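2 protein chains.
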Amino acid sequence: MTTSRTKPERGRNALGPALELVHTGRAPTRAVLTTELGVTRATAGAVAGELQTLGLITVDARPGAAAGSQGRPSHRLTIADDGPVALAAQIHADGFRVALVGLGGRIVATAPACGEVHPDPAVALTEAVAAGAALLRATGRRCVGAGLAVPSAVTEPDGIALNPLHLRWPAGSPVREIFTRCLEEAGVPVTGFCGNDVNLAALAEHRHGAGHGARDLLCVATGHRGVGGALVLDGRLHTGSAGLALEVGHLTVDPAGRPCHCGSRGCLDVETDPMALLEAAGREPGPDGSLLDQACALARAAGPAGTADENARGATRALIDRLARGLAGLVNILNPDRIVLGGLHRALLEADPGRLRAGVADHSLWGRSGSVSIVPGTLDHGSLVGAAELAWQPVLDDPSTVLRVRAAAGT
Amino acid sequence: MTTSRTKPERGRNALGPALELVHTGRAPTRAVLTTELGVTRATAGAVAGELQTLGLITVDARPGAAAGSQGRPSHRLTIADDGPVALAAQIHADGFRVALVGLGGRIVATAPACGEVHPDPAVALTEAVAAGAALLRATGRRCVGAGLAVPSAVTEPDGIALNPLHLRWPAGSPVREIFTRCLEEAGVPVTGFCGNDVNLAALAEHRHGAGHGARDLLCVATGHRGVGGALVLDGRLHTGSAGLALEVGHLTVDPAGRPCHCGSRGCLDVETDPMALLEAAGREPGPDGSLLDQACALARAAGPAGTADENARGATRALIDRLARGLAGLVNILNPDRIVLGGLHRALLEADPGRLRAGVADHSLWGRSGSVSIVPGTLDHGSLVGAAELAWQPVLDDPSTVLRVRAAAGT
DNA sequence: TCGCTTTGTCACCCTCATGAACAAAACGGC
DNA sequence: GCCGTTTTGTTCATGAGGGTGACAAAGCGA
Numbered sequence: 187m188t189t190s191r192t193k194p195e196r197g198r199n200a201l202g203p204a205l206e207l208v209h210t211g212r213a214p215t216r217a218v219l220t221t222e223l224g225v226t227r228a229t230a231g232a233v234a235g236e237l238q239t240l241g242l243i244t245v246d247a248r249p250g251a252a253a254g255s256q257g258r259p260s261h262r263l264t265i266a267d268d269g270p271v272a273l274a275a276q277i278h279a280d281g282f283r284v285a286l287v288g289l290g291g292r293i294v295a296t297a298p299a300c301g302e303v304h305p306d307p308a309v310a311l312t313e314a315v316a317a318g319a320a321l322l323r324a325t326g327r328r329c330v331g332a333g334l335a336v337p338s339a340v341t342e343p344d345g346i347a348l349n350p351l352h353l354r355w356p357a358g359s360p361v362r363e364i365f366t367r368c369l370e371e372a373g374v375p376v377t378g379f380c381g382n383d384v385n386l387a388a389l390a391e392h393r394h395g396a397g398h399g400a401r402d403l404l405c406v407a408t409g410h411r412g413v414g415g416a417l418v419l420d421g422r423l424h425t426g427s428a429g430l431a432l433e434v435g436h437l438t439v440d441p442a443g444r445p446c447h448c449g450s451r452g453c454l455d456v457e458t459d460p461m462a463l464l465e466a467a468g469r470e471p472g473p474d475g476s477l478l479d480q481a482c483a484l485a486r487a488a489g490p491a492g493t494a495d496e497n498a499r500g501a502t503r504a505l506i507d508r509l510a511r512g513l514a515g516l517v518n519i520l521n522p523d524r525i526v527l528g529g530l531h532r533a534l535l536e537a538d539p540g541r542l543r544a545g546v547a548d549h550s551l552w553g554r555s556g557s558v559s560i561v562p563g564t565l566d567h568g569s570l571v572g573a574a575e576l577a578w579q580p581v582l583d584d585p586s587t588v589l590r591v592r593a594a595a596g597t
Numbered sequence: 187m188t189t190s191r192t193k194p195e196r197g198r199n200a201l202g203p204a205l206e207l208v209h210t211g212r213a214p215t216r217a218v219l220t221t222e223l224g225v226t227r228a229t230a231g232a233v234a235g236e237l238q239t240l241g242l243i244t245v246d247a248r249p250g251a252a253a254g255s256q257g258r259p260s261h262r263l264t265i266a267d268d269g270p271v272a273l274a275a276q277i278h279a280d281g282f283r284v285a286l287v288g289l290g291g292r293i294v295a296t297a298p299a300c301g302e303v304h305p306d307p308a309v310a311l312t313e314a315v316a317a318g319a320a321l322l323r324a325t326g327r328r329c330v331g332a333g334l335a336v337p338s339a340v341t342e343p344d345g346i347a348l349n350p351l352h353l354r355w356p357a358g359s360p361v362r363e364i365f366t367r368c369l370e371e372a373g374v375p376v377t378g379f380c381g382n383d384v385n386l387a388a389l390a391e392h393r394h395g396a397g398h399g400a401r402d403l404l405c406v407a408t409g410h411r412g413v414g415g416a417l418v419l420d421g422r423l424h425t426g427s428a429g430l431a432l433e434v435g436h437l438t439v440d441p442a443g444r445p446c447h448c449g450s451r452g453c454l455d456v457e458t459d460p461m462a463l464l465e466a467a468g469r470e471p472g473p474d475g476s477l478l479d480q481a482c483a484l485a486r487a488a489g490p491a492g493t494a495d496e497n498a499r500g501a502t503r504a505l506i507d508r509l510a511r512g513l514a515g516l517v518n519i520l521n522p523d524r525i526v527l528g529g530l531h532r533a534l535l536e537a538d539p540g541r542l543r544a545g546v547a548d549h550s551l552w553g554r555s556g557s558v559s560i561v562p563g564t565l566d567h568g569s570l571v572g573a574a575e576l577a578w579q580p581v582l583d584d585p586s587t588v589l590r591v592r593a594a595a596g597t
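Quick mapping for you: the protein sequence lines, in order, are chains A and B. The first sequence begins at 187 in my numbering and counts up by one. The second sequence begins at 187 in my numbering and counts up by one.
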């Protein structure tokens with residue numbers, strides 16, 4: 187009796203968690219995988235082998251000799267250089283960006299930046315997807331999925347952009363549906379995902395950036411226009427029951443402040459965005475560089491080592507104080523253990539970290555006892571990497587799905 | 187060869203989820219258990235049998251003939267009448283309450299209410315635990331654990347009450363530690379758990395009350411003094427990274443409002459608590475009934491069918507409007523799919539549901555498109571039931587732990 | 001060179017849930 | 001009243017999946 191057993195393939199259930207550990211850089215070796223996963227060495231070995239045969243990771247032939255350690259050195263687990271990628275796109279007020287992103291949040295290839303967004307979402311997304319498809323053809327990589335970041339609240343699970351007004355797109359555009367159709371037409375047969383840009387940046391910061399290891403991570407960022415927030419709880423993006431959570435732009439930070447289009451006064455949105463800083467400093471928006479870049483430059487120059495005039499310093503201080511009020515309100519409600527700031531808010535933090543941190547502590551109820559660390563974001567293109575995370579998620583949940591991924595279009 | 191296998195005991199891993207389904211009333215029969223658990227009938231049967239031998243549930247001998255259904259009728263799964271209980275205690279500004287709570291949130295026995303709380307937490311908790319131990323002796327029930335609800339922010343995981351000021355307890359009292367010591371001294375050898383009263387009421391409403399089935403549940407309630415909030419996400423209480431989340435009392439709801447001890451003005455806390463309503467209506471606090479009861483009575487009388495004067499109606503409307511502002515702010519940040527109101531807030535909702543709901547929709551950004559249902563709480567003693575939930579949680583996670591529970595003290 | 005420590009792998013075993021067959025308990029139609 | 005039909009509950013063999021313990025491998029230091 188030849189017991190032709192077809193391969194037991196141990197460690198199937200632990201496959202997803204294992205890949206996530208490698209993906210987020212928390213499992214450099216099989217030994218670490220063993221402890222992090224809470225399984226035996228045998229299982230961890232089987233899991234690593236399985237991920238290797240799936241073409242997602244590689245195991246070093248020669249173990250890297252870790253200095254000062256005893257015992258047999260462990261082979262390093264690295265993300266496969268020629269593994270599959272996700273197609274990621276970010277649309278913002280001043281243009282769009284397209285890239286291929288591998289596991290580990292590594293940007294593998296980038297299309298030339300585009301500085302114009304067509305007011306018809308179908309046209310704009312067709313352009314973006316075409317750029318992505320060209321990248322796939324050029325690199326010959328397989329594609330596991332596609333993700334899109336937009337500066338708008340996006341409903342779940344249907345993926346409708348409620349207010350993509352800075353793009354001059356119609357409110358309520360079914361962005362996910364349009365995106366998926368564009369992918370089909372471009373011959374990229376993958377699922378399309380869609381999310382708010384700040385939410386996705388927060389996800390990316392949590393997995394690969396300044397939010398790494400935080401339990402309750404709050405992100406607040408100015409984009410090119412307005413303010414957005416996001417929350418990552420236990421590694422999962424909290425988008426609320428309908429995807430509309432963390433609409434923080436309309437927290438009141440100055441009851442006597444300027445009127446906001448929402449009908450209230452002194453909202454975080456109008457008090458701490460790029461335009462607010464330029465106006466407060468008595469500057470006109472200059473011709474070169476985006477509004478965001480100009481405001482960031484001004485805030486940085488207002489730091490201790492900076493060269494700004496007293497006007498700019500005063501305006502920056504005022505914005506820091508209002509941001510502190512807004513963050514304190516959020517701390518009282520969400521009690522995060524880390525806050526990552528992006529865009530102009532990041533520049534404000536870097537201009538005077540002490541003032542912002544003290545302001546938040548003063549205005550939050552448990553400022554003294556609760557300990558929240560406030561840090562700047564570290565990713566250059568967080569929204570882009572986060573969009574890729576959406577596309578990667580099904581693979582992280584069940585790595586064997588990569589087997590269903592066909593070769594890139596055009597090969 | 188007598189293969190003396192010690193009983194295979196199938197369905198061990200699904201035991202916890204199964205008990206939770208019965209506990210929350212979502213699995214009345216084995217057939218439902220099968221579908222809800224996503225397992226086969228064989229497994230569901232084994233699981234039910236195991237829970238039965240653990241003494242947690244009972245299976246009807248005679249199947250209840252469901253009207254109008256085909257096929258063999260299913261036996262009903264009910265919570266065992268003589269099963270173990272949790273010791274639950276709630277301390278509030280005007281006294282404390284102690285009860286034994288079985289699975290399903292059913293209050294099995296209650297100690298006579300006490301109207302005084304000793305300013306030394308150790309003394310007060312000794313009294314409360316003594317009342318609980320007496321109940322255990324009187325009923326002869328086994329005890330799986332003990333839970334305590336206090337009107338204060340409670341840190342996690344150490345269980346320190348940061349501001350139990352309405353109890354005249356010292357700020358920073360290590361309540362969980364004291365509670366555990368009292369249990370030991372009273373001869374109740376179980377673990378003690380501790381939480382904020384509104385948080386626990388929210389948990390109870392989610393599992394057994396008006397919050398049942400909600401994905402993202404927000405609870406806001408006035409206690410006897412002040413305002414508290416709580417959030418239940420995917421069935422788990424969100425208490426933030428340090429247990430200090432949902433400190434909603436100091437949201438600004440009226441920039442020109444009365445000063446609050448927090449240094450700001452027009453906080454939800456001082457604008458919508460019982461005292462605020464009485465003052466706005468031009469009433470002095472009467473001698474009989476707690477402040478909370480008097481305020482609730484006034485609000486109810488101000489409803490459409492009520493008998494209140496114009497002063498009371500105007501004051502009630504004003505409070506409803508301010509509450510609506512506060513809730514809208516929370517909706518913008520948290521995007522819950524349901525809001526459960528308790529205490530005076532519940533009375534305000536019931537006085538004029540339309541006004542409150544419209545107010546929230548008007549002030550929230552997605553009021554029209556997002557759909558949040560706002561409902562009154564349905565549990566009489568939510569905090570007490572919620573405190574019991576804390577004690578039950580280890581059993582819900584792994585029902586076999588009840589085997590380690592010893593008989594009640596004094597038998 | 002020999003211990004010592006840690007990593008990786010193999011053969012065997014144990015747990016748990018599945019799937020299929022069978023039995024049980026209702027209902028409806030004739 | 002008897003017979004299909006439907007749904008529920010149980011029994012038993014099977015298989016997936018991970019644990020266990022022994023052994024080999026690969027470094028370090030004496």
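Even for Gly, the Cβ is constructed at its ideal location relative to N, Cα and C. Note that the structure is predicted; figures quoted are calculated from it, not measured.
A check of alpha carbon separations from B:Ala308 across B:Gln256, B:Ala339, B:Glu371 and B:Ala537 identifies B:Glu371 as the nearest. Non-local C-beta neighbours of A:Asp280 in its own chain, meaning closer than 7 Å and more than five positions away in sequence, comprise Gly301, His410 and Ser476, ordered along the chain. Collapsing the DSSP output to three states places B:Ser359 in a strand. Using a Cβ-Cβ cut-off of 7 Å, B:Asn521 is close to Gly426, Ser427, Ala428, Leu430 and Ala431 of chain A, given in chain order. Within the same chain, Leu527, Leu542, Ile560 and Pro562 come within 7 Å of A:Leu535 by CB-CB distance, once the 5 residues on both sides are set aside. The C-beta separation of A:Ala577 from A:Val330 comes to about 6 Å, placing the pair in contact by the 8 Å criterion.
The C-beta of A:Pro441 comes closer than 7 Å to at least one C-beta of chain B. Note on geometry: alpha-carbon atoms of B:Val361 and B:Ala483 lie some 33 Å from one another.
For A:Arg401, there is no enclosing alpha helix (DSSP H), as DSSP marks it with neither H nor E. Just measuring C-alpha positions, the residue of A:Asp538, A:Pro473 and A:Val439 sitting nearest A:Ala487 is A:Asp538. A direct Cα-Cα distance of roughly 52 Å separates A:Leu237 from A:Pro471. DSSP places A:Gly475 in the coil class of the three-state scheme, outside both helix and strand.
Burial is judged here by how many other beta carbons sit within 10 angstroms of a residue's own beta carbon; A:Ala491 has fewer than 16 and is exposed.
Pairing A:Leu419 with A:Leu520, the inter-Cα distance amounts to about 10 Å. In the three-state reduction of the DSSP assignment, B:Gln256 falls in the coil class, being assigned neither a helical nor a strand state.
Here B:Ala266 carries a coil assignment [DSSP, helix/strand/coil]. Proximity of chain B to A:Arg401 at the Cβ level (cut-off 7 Å) is accounted for by Ser427, in chain order. B:Ala357 counts as exposed, since fewer than 16 other beta carbons sit within 10 angstroms of its beta carbon. Taking 9 Å as the cut-off between beta carbons, the residues of the stretch 440-461 of chain B near chain A are Pro441, Ala442, Cys448, Gly449, Ser450, Arg451 and Gly452, in sequence order.
Taking 7 Å as the cut-off, the Cβ atoms of B:Ile277 and B:Val336 count as close.
Looking at the backbone, the Cα of A:Pro259 and that of A:Val225 are separated by about 20 Å. Runs of the beta strand (DSSP E) spanning 3 or more residues and lying entirely within the stretch 516-547 of chain A occur at 524-528, in chain order. Each of A:Gly257, A:Ala274 and A:Ile243 was checked against the Cα of A:Asp267, and the nearest Cα belongs to A:Ile243.
When only Cα atoms are considered, A:Thr502 and A:Arg444 end up about 17 Å apart.
Here A:Leu437 carries a coil assignment [DSSP, helix/strand/coil].
Within the same chain, Cβ atoms closer than 7 Å to the Cβ of A:Gly231 are found at Arg216, the five residues on either side in sequence being excluded.
Secondary structure note for A:His261: it is in no beta strand (DSSP E), with a DSSP letter that is neither H nor E. The Cβ of A:Leu551 sits closer than 7 Å to at least one Cβ of chain B. Taking C-alpha positions only, B:Gly421 is separated from A:Ala297 by approximately 43 Å.
A contact between stretches requires three or more CB pairs, one per stretch, nearer than 8 Å, and the stretch 378-392 of chain A meets this requirement with the stretch 336-355 of chain A.
Under the three-state reduction of DSSP output, B:Ser559 falls in the strand class. Taking the CA atoms as reference points, B:Leu478 sits about 15 Å from B:Leu505. Proximity of B:Thr502 to chain A, defined by a Cβ-Cβ separation below 7 Å, is not satisfied.
No Cβ of chain A is located within less than 7 Å of the beta carbon of B:Thr587. Under DSSP, B:Gly333 shares a beta bridge with B:Ala274 and B:Phe379. B:Thr220: not part of any beta strand (DSSP E); member of the alpha helix (DSSP H) spanning Arg216 to Leu223, first to last residue.
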